[in-house]
Structure formats: structure tokens, C-alpha cells
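**Q** The following block contains the structure, expressed as C-alpha cells.
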Amino acid sequence: MSTNITPQDLEKVNSQAEDFLPLLGTDYVELYVGNAKQAAYYYQTAWGFQPVAYAGLETGRKDSVSYVLQQDKIRLVLTSPLQPDGDINAHINAHGDGVKVVALWVDDATKSYEETVKRGAKSYMKPRTEKDKNGTVVFSGIHTYGETVHIFVERKNYNGTFLPGYMPWDKTYKTEAVGLKFIDHMVGNVGWNEMNKWCEFYAKVMGFAQLVSFDDKDISTEYTALMSKVMSNGNGRIKFPINEPAEGRKKSQIEEYIDFYNGAGVQHMALATDNIIETVSALHNRGVEFLTVPASYYETVLDRVGEIDEDLAPLKELGILIDRDDEGYLLQIFTKPVLDRPTMFFEIIQRKGAQSFGKGNFKALFEAIEREQEQRGTL
Numbered sequence: 005m006s007t008n009i010t011p012q013d014l015e016k017v018n019s020q021a022e023d024f025l026p027l028l029g030t031d032y033v034e035l036y037v038g039n040a041k042q043a044a045y046y047y048q049t050a051w052g053f054q055p056v057a058y059a060g061l062e063t064g065r066k067d068s069v070s071y072v073l074q075q076d077k078i079r080l081v082l083t084s085p086l087q088p089d090g091d092i093n094a095h096i097n098a099h100g101d102g103v104k105v106v107a108l109w110v111d112d113a114t115k116s117y118e119e120t121v122k123r124g125a126k127s128y129m130k131p132r133t134e135k136d137k138n139g140t141v142v143f144s145g146i147h148t149y150g151e152t153v154h155i156f157v158e159r160k161n162y163n164g165t166f167l168p169g170y171m172p173w174d175k176t177y178k179t180e181a182v183g184l185k186f187i188d189h190m191v192g193n194v195g196w197n198e199m200n201k202w203c204e205f206y207a208k209v210m211g212f213a214q215l216v217s218f219d220d221k222d223i224s225t226e227y228t229a230l231m232s233k234v235m236s237n238g239n240g241r242i243k244f245p246i247n248e249p250a251e252g253r254k255k256s257q258i259e260e261y262i263d264f265y266n267g268a269g270v271q272h273m274a275l276a277t278d279n280i281i282e283t284v285s286a287l288h289n290r291g292v293e294f295l296t297v298p299a300s301y302y303e304t305v306l307d308r309v310g311e312i313d314e315d316l317a318p319l320k321e322l323g324i325l326i327d328r329d330d331e332g333y334l335l336q337i338f339t340k341p342v343l344d345r346p347t348m349f350f351e352i353i354q355r356k357g358a359q360s361f362g363k364g365n366f367k368a369l370f371e372a373i374e375r376e377q378e379q380r381g382t383l
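When you read off a place in the sequence shown, starting at 1, and then add 4, the result is the number in this note's numbering.
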């Protein structure tokens, strides 16, 4: 399948993606972490997220604490346990810090649950309604790969800060946002020969369609390889690439992730910006570390991608990658893992018309990842 995405491809996705599960967007992403207070400080200080809401002992919650942060349309929930044992502790023991919930904003959480469960989804949370003085919210949920879950959030009758059970969290300590806008896509790593299983899950259970695919000829180096397919819902607001390992001479980044995460899970979130040079410069200045590619990458990149609006010098200085498809070009860069385990990281992406995922950068990117793996002794 071509890796250049055309308007006709998007029309095909829209026609293939059934409308039994209309998704309005990503509502929030919840991470289970060992220390939510300190994680919140990191995402505020380094990433420019703003404090929004809080739940914990002060709100009557006795078993866990959650901090909610937001930047434009990106909302993170950081949750830690307050008691020994329990599901949150078990998740952190097995995986380290990581994404537990990818919450999807819907108009009808009950119908979303019924439609997905009857198509084979394993129930995580039957529809339930929570309310406070600001209105009502309906939740439901299903399991997906690994221990990751999707929670459907129906908030059309709610006017509060975040959700019932949370209080506004208006700290005096705030930092400047760095220009992040929304989640462009979210990538899941699954085990050997599991990619097609989970792509079929998203197609059958959630009505997604395959947008693009990459095989080990597209994504490989001298040492490692992987396979990937991108699943998208009908309106294109939700895109989930699914990766699996492929045979190579050494251990791929997907194998390393599976080993350290102890199973399948969310590998990275791609966060969109309208000015990647400003965003990445700000993140650099706040201590966020990025993968780097050799200076030789920039000697020929414009021969491959053609004319771009940006000056090449700051892109080279920051290590930002460039790729082009039939619709335009994109600029992207990847952080090093943001956790102690070499698991979750972030991508910063700016699309200048392009709808693809940077196939032309795969070799340079994977070689950069392999250099990091070699330093860790996990290649």
C-alpha cells in the first residue's frame, strides 16, 4: 500500500470507517505514575502544560490522587496510588510509569459501549453516570492491547472544570505554553505477530479503517526492523499506528519496549504544533532531550523533499527531520524516552499539508534510536 496519503485515500477511509462509533476527539490521556505531584511539575515546567483540576484526599478520594494538566486541546491526567496493593500499584510495578487510559470524547457513551461490546470488545466499565453541581458525565470503557483501555466520555451535559469528583487546580506557579496544539496520533507497540490482530480489532470493534502500512522493507536498518499499520476513524481525528517487531540481526526498539514495559502499550504520543522551531527550541531550553541525526542527513534532505518554507539552518541545529508526500511536507522530531525505563517518548510534528508519517526519515530515525540502545546495552 502506498505510503503517500491522498484525498482519495482519506475518502476511502471515510467510506470504510463505519459510523456506529462517531468520535469527537481525544478527551484525555491518563498515565499511572509513581509520583503524580512530581510528574505534574515536570509536565508543567518542561512542557508548558497548565494546571486544570485535582482529585485526592481533599476531594474525598482515599485510594489515589490525580492531577489534570492541559495545553490547548491536549489533556493529561497523572494518577498515583495512595494505598498499597490495588490495580494502580500493580500497573506501575509491571510497567513503570505509562499510559493506562486513552479516553475518547463521544456524544453517547452508552451507545459507544453497546456498539463496541456487541462487536467483540471486552468490557472494562459498564456505562455509569457521575454528577456534581456542574452537571452530569456518562462514562463507559473497553479493553484494548495490553492493559491499555479506552474510556468513552460523554460530557455534553457538564460545565465543570474537568469531571465530577475533581476540584479546580489553580496554582500560582505556571509556565508559558510551548505551542503544542493537539494529539496528532498515538502509537501502540504490540508483541510478535499481534499487529494484524489489533488492526482487525480497531476495524471490527471500533469501525476504523487502515490509512497506511509499512513493512520491514520500509522500516529497517542494518540491525533492526519493525512492521506498522495506521488505523484511523472516519473523521480522521483519531489515528492509532500499531507497531510489531520484525526479524533483524539485533533487538529492535519494539522488542526493547516490550521487554521493559512487560507487554504491549502506548509507545508515544505525537503532539502537533504550528511552529516546530519555536516549540522545540523552548523544550530544549527547558531540558527536554531529543534524538539526534548525523549532520550528513541535512546535506541531501532538500534534494529529497524539495523546497520548504523554513530556513534549513535552525532545523539542522535542532535536529528536526523533514519528509514530503503528495499533499505537502512535514517536520518532526522525537524525544528520548521521558521515563527511566526506555519505553514512552514523544514526537513533535508540524504538518505543512502532508498527511503521512515520515517514511523518508525512518532509516535516520531508527539509526538514532539504535545509537541510544547501544549506550543502554539493549541493542
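We treat Cβ as the ideally placed atom computed from N, Cα and C, and that holds for glycine. Please read these numbers as outputs of a predicted model, since none were measured by experiment.
1) Which same chain residues end up closer than 7 Å to E260 when comparing Cβ atoms and leaving out the 5 residues on each side of it in sequence?
2) What did DSSP end up calling T140 once you bin it into helix, strand or coil?
3) Taking the CB atoms as reference points, tell me whether E34 and V81 lie closer together than 8 Å.
4) Helix, strand or coil: which one does DSSP assign to G211?
5) Are three or more beta carbon pairs between the segment 230-250 and the segment 190-201 nearer than 8 Å?
6) Is the beta carbon of Y177 less than 8 Å from the beta carbon of A57?
7) So what does DSSP say about A107, is it helix, strand or coil?
8) Round the Cβ separation of Q354 and E331 to the nearest angstrom and send it over; I've been treating them as touching at under 8 Å.
9) Would you list the one or two residues that DSSP bridges to E34?
10) Ignore the nearest five residues each way along the sequence and tell me which others in L61's own chain have a CB closer than 8 Å to its CB.
11) Tell me which residue opens and which closes the alpha helix (DSSP H) that S285 is part of.
12) Just the Cα atoms here: how many angstroms apart are K122 and N237?
13) Under three-state DSSP, which class holds F294?
14) Can you name the start and end residues of the alpha helix (DSSP H) that G41 belongs to?
15) Skipping 5 residues on each side, what residues in its chain have a beta carbon closer than 8 Å to that of D23?
16) Bridge partners of F244, per DSSP?
17) From Y302, V305, L287, V270, pick the residue whose C-alpha is nearest to that of V103; which is it?
18) Leaving out the 5 sequence neighbours to the left and right, which residues in its chain are closer than 7 Å to F166 when beta-carbon positions are compared?
19) When we look at the beta-carbon of Q247 and count the other beta-carbons within 10 Å, is it buried (16 or more) or exposed?
20) So, for N161: in the same chain, excluding its five sequence neighbours on each side, which residues have a beta-carbon less than 7 Å away from its beta-carbon?
21) Measure the C-alpha to C-alpha separation of I258 and D136 and round it to an integer number of angstroms.
22) Taking all protein chains shown into account, do 16 or more other C-beta atoms lie within 10 angstroms of the C-beta of M5, making it buried, or fewer, making it exposed?
23) Rounded to whole angstroms, what's the CA-CA distance from K201 to V106? Just pull it up for me.
24) Cutting at 6 Å between CB atoms, please list the residues of its own chain near R159, excluding the five before and the five after it.
25) At which residues does the beta strand (DSSP E) containing K115 begin and terminate?
26) Between H147, P88, F143, I242, which has its C-alpha nearest F186's C-alpha?
27) If you draw a straight line from the alpha carbon of T63 to that of G240, how long is it in whole angstroms?
28) Under the three-state reduction of DSSP, which class applies to T7: helix, strand or coil?
29) By the three-class DSSP mapping on this structure, what secondary structure does T133 have?
30) What are the start and end residues of each continuous alpha helix (DSSP H) run of 4 or more residues lying completely inside the segment 304-354, in chain order?
31) So the candidates are S285, D307, R308; which of them puts its Cα closest to the Cα of L319?
32) Assuming L184 and D31 make a contact with CB atoms under 8 Å, what is their CB distance in whole Å?
33) Between H147 and K126, how many whole angstroms is the CB-CB distance? I'm expecting something under 8 Å.
34) Taking the alpha-carbon positions, what's the G145 to D344 distance?
35) Measure the Cβ-Cβ separation of V209 and T114 and say whether it is below 8 Å.
36) Whole-angstrom Cβ separation of K340 and L295, contact assumed at under 8 Å?
**A** With the structure as the only source:
1) P346, Q377, T382
2) strand
3) yes
4) coil
5) yes
6) no
7) strand
8) The pair is not a contact, with the Cβ atoms about 14 Å apart (cut-off 8 Å).
9) V81, V105
10) V69, L86
11) 280-289
12) 18 Å
13) strand
14) As written in the sequence, residue 41 is Lys, which differs from the Gly given in the question. Run containing K41: 40-49, per the alpha helix (DSSP H) assignment.
15) G211, G238
16) M235
17) V270
18) V56, A57, V72
19) First, the residue type needs correcting, since residue 247 is Asn and not Gln in the sequence shown. That one is buried.
20) G139, T140
21) 43 Å
22) Here M5 scores only 33 on pLDDT, less than 50, and its place in the model should not be relied on; the value that follows carries that caveat. Flag for M5 reads exposed.
23) 19 Å
24) V141
25) No beta strand (DSSP E) holds K115; the alpha helix (DSSP H) holding it covers 113-121.
26) I242
27) 37 Å
28) Here the model assigns T7 a pLDDT of 45, short of 50, so the residue's position is not dependable and the matter cannot be decided.
29) strand
30) 316-322
31) S285
32) Contact doesn't hold; Cβ gap of about 17 Å is too wide.
33) 4 Å
34) 29 Å
35) no
36) 6 Å
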